[in-house]
Amino acid sequence: MNLEIIWDVFLETLVQHSAIQSARKQNYSGIPFLYVEINEETTQKDLEQLLKTASAQVMKGKRLHVETIFVRQESSLYVYRHRFYVPQEKMFCCGNICVDCIRLK
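Be aware that the sequence shown starts at 1, since it is given in full-length UniProt numbering, and climbs by one per residue.
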């Protein structure tokens with residue numbers, strides 16, 4: 001699964017919303033940071049709800065998780081550590097009769 005495609009669709013979804021002026025992704029030390037500039041009447045709570053909604057839209061039908069952590073704010077620019085990731089759990093039975101076998105769920 002190519003996460004860059006997920007990121008592109010996610011950023012397009014964000015920019016289409018009227019409350020958001022711009023959105024971009026920057027990687028620092030391999031960690032993706034999301035820079036979002038919002039309109040003055042939009043609150044941080046509204047922005048975080050938009051991030052959750054847009055993330056859910058792009059993850060629909062895929063085995064992905066999302067993690068969003070607020071980093072800082074500078075006037076109308078908000079910075080989040082935002083990442084999409086594949087869960088670290090078994091997706092198939094290896095035949096070794098493991099205690100946490102996927103067949104037992």
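A virtual CB, placed ideally from N, CA and C, is assigned to each residue, including glycine.
Mind checking whether residue i and residue j have CB atoms under 8 Å apart?
i, j, result
"Gln26", "Phe33", "yes"
"Gln21", "Glu41", "no"
Sort the options by Cα distance to residue i and report the nearest one.
i, options, result
"Phe92", "Met59, Ile102, Val86", "Ile102"
"Asn39", "Ile6, Gly95, His17, Val58", "His17"
"Leu51", "Phe10, Gly95, Tyr85", "Phe10"
"Glu74", "Asn2, Ile5, Leu3, Tyr35", "Tyr35"
In the DSSP assignment, find the unbroken alpha helix (DSSP H) run with residue i in it and report its ends.
i, result
"Phe10", "3-15"
"Leu34", "Unbroken run through Leu34 is the beta strand (DSSP E), 31-38; no alpha helix (DSSP H)."
"Glu48", "44-59"
Rounded to whole angstroms, what's the CA-CA distance from residue i to residue j? Just pull it up for me.
i, j, result
"Arg83", "Cys98", "30 Å"
"Ser55", "Leu77", "19 Å"
"Asp46", "Leu104", "40 Å"
"Glu12", "Gly95", "43 Å"
"Trp7", "Gly30", "15 Å"
In terms of residues, what are the limits of the beta strand (DSSP E) holding residue i?
i, result
"Val86", "Note, Val86: premise wrong, no beta strand (DSSP E); not H, not E."
Worksheet item: Is there contact here, the stretch 13-27 with the stretch 62-70, by at least three beta-carbon pairs under 8 Å?
Response: Judged by Cβ distances under 8 Å, the stretch 13-27 makes no contact with the stretch 62-70, as fewer than three pairs qualify.
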